[in-house]
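Right, one structure below, let's go through it.
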Amino acid sequence: MAKRLKVANPARCIGCYSCMMACARTWYDTISLKNSRIDIQTKGGIETPYAQIVCHACIDPPCMRACPLGALTKRKGGGVNLNEEICDGCGNCIEACIMGAIHLDAEKKAVICKHCGVCPKFCPHDVLEMIEVEDSGEIKVTDTGPVEDTNPVSPTASHKELYGEKESGEEK
Amino acid sequence: MTTEQYAIPGLTNVLYIDLTSQSYHIEERPDLYEKYLGGIGIATNLMLEEYKEGTGPLDPEMPLILSTGPLSGVYPTCTKTVALFRSPLNGELGESYAGGHLAMSMRYSGYETIVIKGASRYPVYVAVHDDKVTFRDASSIWHLSSAIDVGKILREVEPGAGRRSIIRIGPAGEKGITYASVNVDTYRHFGRLGLGTVFGAKKLKALLISGNREIKSPEHKAYRKTVSMLYDTIVKTGLTEKYHNLGTSENILVLNELKGLPTRNLQEASFEGAETISGEVFADKYLIRRVSCAGCPIGCVHIAMLKRQFSKAHEYETLNISYDFELIYALGSNLGVADPEAVLELIDACEKAGVDIISMGVVLAWATEMQQRGKISTQETIGLKLSWGDKASYLRAIELVVQAPNEFYTALGKGVDYASKKYGGEEFAVQLGGLEIPGYHTGLGNTLGLSVSSRHSHLDNAGYAADQAAFNRPIPDEKIVEYIIEEEDRRSVLNCMVACLFARNVYTYENIILALKSIGIERTEEELKELGKDIFRKKHELKKKFGFRFENLTLPKRFFETASTTGMLEEERVRKAIEMYREKRGV
Ligand code: SF4
Ligand code: SF4
Ligand code: SF4
Ligand code: SF4
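Chains as they are written, first to last, in the working numbering: chain Z, 1 to 172; chain A, 1001 to 1587.
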């Protein structure tokens, strides 16, 4: 079953950078914000809400079309897979992605979200989620049954009750 | 341990900035980092090296030191930076901690420690972008009426958005109010003891640091495992629940119930208006979001939104204001203010001015009592009549303290100890060690703790927590003294890392050892405990040089006139406990 990362509740972000640190240390052996595939941005310092910039898992990815070498191919569930061997750092994909979700690393290779699912495990505020999608990347519509009022989860639940049960953040 | 074996990446240098000559240089100091790791350990030793006997707090040669630690920018909730200076408020050790983005920015810029000396002839701000240090004329932002606005302007002129920290002063720092604060990224502060005044004397309006370098662990796998464990402990256990939830302001009702909440200049220890300024009320009615320091998944910074009407034609302005327990005590219960919106407005006024809110609250409470007792008149206050709960006159008073139009307000701007020595009322000037007290009147542990703490802060030894325990089950005084000593040493170690104290129960000795090991630093529990003791001795040495003597500690009568959580306290008992502390400490 295909999955993709979704910025589900952007307004809940506390700007802790846990997601960026997690992405960077998982995919680059680094302790930094460098080369994180997701970027937490502030527009007016922390007085204004945070923006989470990350690949949107396009169904028909413009970055792929823009790549002259064919280094980007369609990913199951939306977005792209990068063949680092082929990528020569031309930067055309950066131009094509109006989300601003791509940058180059020190080796001049494109850095694009792999929708790997690590960062949501380190988001303490339900901003980031992995959602199930069709292989094409289309949103999956399933038979839901009756809908419960789930928002807010429980105004009296403690943080521990809300998050304590969740799957551990241990990385793959 | 030799340098080669010492595998901390980074953690070797000190950046020296000289404002007089607008120059800088870097010194390699692996010796210091090897022994003291970082934070308060490094800062204390550098201060001992730098301090020349007789240098006043605001003299240009007096250094100010900022230091992060080995865990900064590396592990969750290790987000603090320590500032060490000589306090213009009490002449003693100035030590203050702030969060925000500063620690992460410093660490990723490659400068773990910064020493700032000298003074500029005209206002400047300093920008550090990775290894580049630039000095820029700040005359155009000097005299701005709000410390918040300084950030708004610098964000536009300097690069590094999202990876930087901007620390700056407001009018209080420029004007030499001795308890001026330094605003860190809008919602955090170097609050206590007057770092803002030191900035002002150096004509340093702001310091901006951005960094985007990387650190590497020699054992990346172990590092990843340890981060996951610590993250889970912080987010998924109940250990930091209080800060995830109502935040520190949860304590308003708790302390009120315990009769330990200073009210109306500590004439009482519980407040009839506590219900309306409780953490619960702020959360229900005003809390709009929480934010975090960079690298902390707790998000304890509570932001309230205040909608304020300014004309009959339904015109409104909205203010976003961060609040905390200490602020609600200082500008709420201690001033008899029971209206939560008034508390928010008073907080906002202090934020813009850039003053330490606890000190300002205590100063105004003292002035109110002075006026009520007829010891000062409207002559001194230039017509202002101060009375409990009166927001409008307190707002005006804050302005006047910062503008210092006459001798009286100038004295208020030098703290309650100074003002009461000049105008009388020392018995009810609620300070210990020359520092206005935080919001606890819980008994021996608190009063002793504030007296002996190297920076006269409850954050050094949590004396109030000993009292809370004693409230449930009586504890012998000696045990309280021992608790305070142990807590001081443990917190000194945390302050080397530099972890946020809200995560103190996450960063146990065991977890600190593991966290260090996972980035290649070997330490045993004995070594860490010895480090804590060593730092105590070094800090005490420094305090003695600054003129501190236990013999000179004054204990204002007010502490013994108002019943505390654990009942009436006697001066004799506190004095005895201080002696016990000194004996056990060997000082
Ligand atoms: S990187 Fe940008 S263009 Fe490419 S798939 Fe993701 S969002 Fe679409
Ligand atoms: S899903 Fe994976 S690759 Fe994408 S931002 Fe999160 S951690 Fe990085
Ligand atoms: S981990 Fe979640 S809350 Fe923290 S910065 Fe990332 S998106 Fe925001
Ligand atoms: S608990 Fe609060 S002060 Fe401490 S690091 Fe986290 S956000 Fe900052």
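Ideal placement from N, C-alpha and C gives every residue a C-beta, glycine not left out.
Whole-angstrom distance between E1219/A and T1248/A, CA atom to CA atom: About 37 Å.
Per-residue DSSP class, three states only, for D1467/A: Helix.
Whether L1448/A touches Y1581/A by CB criterion (8 Å): Taking 8 Å as the Cβ cut-off, L1448/A and Y1581/A qualify as a contacting pair.
Y1409/A versus T1233/A - alpha carbon distance: Approximately 48 Å, taken between the alpha carbons.
Residues in the segment 1279-1293 of chain A having any Cβ partner in chain Z nearer than 9 Å: Correct list: R1289, R1290, V1291, S1292 and C1293.
Burial state of N99/Z, where buried means 16 or more other Cβ atoms lie within 10 Å: Note on identity: in this sequence residue 99/Z is Met, with Asn being the wrong assignment. M99/Z comes out exposed.
Three-state class that DSSP yields for H56/Z in the structure shown: Note: H56/Z maps to coil in three-state DSSP.
The segment 1519-1532 of chain A contacting the segment 1379-1397 of chain A, beta-carbon criterion three pairs below 8 Å: Because the criterion of three Cβ pairs below 8 Å is not met, the segment 1519-1532 of chain A and the segment 1379-1397 of chain A do not touch.
is_contact[P959/A, chain Z] using C-beta, thresh 8 Å: Residue 959/A lies beyond the stretch modelled for chain A, which goes from 1001 to 1587, so this question has no answer here.
Distance cut-off 7 Å: F122/Z Cβ against heavy atoms of ligand 4: Placement of the Cβ of F122/Z at a distance of 7 Å or more from every heavy atom of ligand 4 is found.
CB contact below 8 Å: H115/Z versus chain A: With 8 Å as the cut-off, H115/Z does not count as an interface residue toward chain A.
Residue span of the beta strand (DSSP E) that contains A2/Z, given as start and end: It spans A2 to V7 - the beta strand (DSSP E) in which A2/Z sits, taken as one unbroken run.
C-alpha distance - L1089/A paired with Y1075/A, whole-angstrom precision: Rounded to whole angstroms, the gap between the alpha carbons of L1089/A and Y1075/A is 34 Å.
For A106/Z, the nearest candidate out of S36/Z, N9/Z, K76/Z and I40/Z (CA to CA): Answer by Cα proximity: S36/Z.
Residue-level contact to chain Z via CB, P1123/A, 8 Å cutoff: No, P1123/A does not count as interfacial toward chain Z.
Three-way DSSP call (helix, strand, coil) for R1455/A in this model: If DSSP states are grouped into helix, strand and coil, R1455/A belongs with coil.
First and last residue of the uninterrupted beta strand (DSSP E) at V147/Z: No beta strand (DSSP E) holds V147/Z; DSSP gives it neither H nor E.
Simplified DSSP assignment, three categories, for L1331/A: L1331/A falls in the helix class under three-state DSSP.
Cβ contact check for the segment 1491-1505 of chain A and the segment 1187-1195 of chain A: 3 or more pairs under 8 Å: Using a Cβ-Cβ distance cut-off of 8 Å, the segment 1491-1505 of chain A and the segment 1187-1195 of chain A are not in contact, since fewer than three pairs of beta carbons, one from each stretch, lie closer than that value.
Cβ-Cβ distance between Y1125/A and L1015/A below 8 Å: Against a cut-off of 8 Å, the Cβ pair of L1015/A and Y1125/A comes out as no contact.
Proximity test, A22/Z beta-carbon vs ligand 2 heavy atom, cut-off 7 Å: If you check the C-beta of A22/Z against ligand 2, you find a heavy atom less than 7 Å away.
Interface partners of S1217/A on chain Z, CB under 7 Å: Within 7 Å Cβ-Cβ: I31.
Distance CB(A1103/A)-CB(G1073/A) smaller than 8 Å: A contact, by the Cβ cut-off of 8 Å.
Helix, strand or coil at G1567/A [DSSP, three-state]: Reduced to three states, the DSSP call for G1567/A is strand.
Chain-ordered chain A contacts of K108/Z [CB-CB under 9 Å]: The premise fails here: K108/Z is roughly 17 Å from chain A at the closest Cβ pair, so nothing lies under 9 Å.
Cross-chain neighbours of N1505/A in chain Z, by beta carbon under 9 Å: Going along chain Z, no residue has its Cβ under 9 Å from N1505/A, so there is no contact; the nearest lies around 14 Å.
Residues bridged to F1546/A (per DSSP): Looking at the DSSP assignment, F1546/A forms no beta bridge with any residue, so it has no partner.
Distance cut-off 7 Å: P62/Z Cβ against heavy atoms of ligand 6: For the structure depicted, ligand 6 is absent and the ligand set comprises only ligand 1, ligand 2, ligand 3 and ligand 4.
Between the CA atoms of A8/Z and G78/Z - distance to the nearest angstrom: Roughly 16 Å between the two C-alpha positions.
Backbone CA spacing between A1252/A and L1230/A [nearest angstrom]: Note that residue 1252/A corresponds to Ile in the displayed sequence, not to Ala. About 29 Å.
Supposed close pair C1293/A, R1164/A - CB separation, criterion 8 Å: Distance from C1293/A to R1164/A at the Cβ level is roughly 14 Å; contact not present, criterion being Cβ atoms closer than 8 Å.
Residues near V54/Z in its chain [Cβ-Cβ closer than 6 Å; skip 5 each side]: So the list reads I38, A101 and C113, once near-sequence residues are dropped.
Range of the contiguous beta strand (DSSP E) that encloses Y1316/A: From DSSP, the beta strand (DSSP E) with Y1316/A extends over E1315 to Y1323.
Endpoints, the beta strand (DSSP E) within which G1094/A is located: In this chain, the beta strand (DSSP E) harbouring G1094/A covers L1093 to A1098.
Three-state secondary structure (DSSP) of N35/Z: Reduced to three states, the DSSP call for N35/Z is coil.
Inside the segment 1178-1260 of chain A only - alpha helix (DSSP H) runs reaching at least 4 residues: Listed in chain order, the complete alpha helix (DSSP H) runs (minimum 4 residues) inside the segment 1178-1260 of chain A are 1195-1201, 1220-1236, 1241-1244 and 1251-1257.
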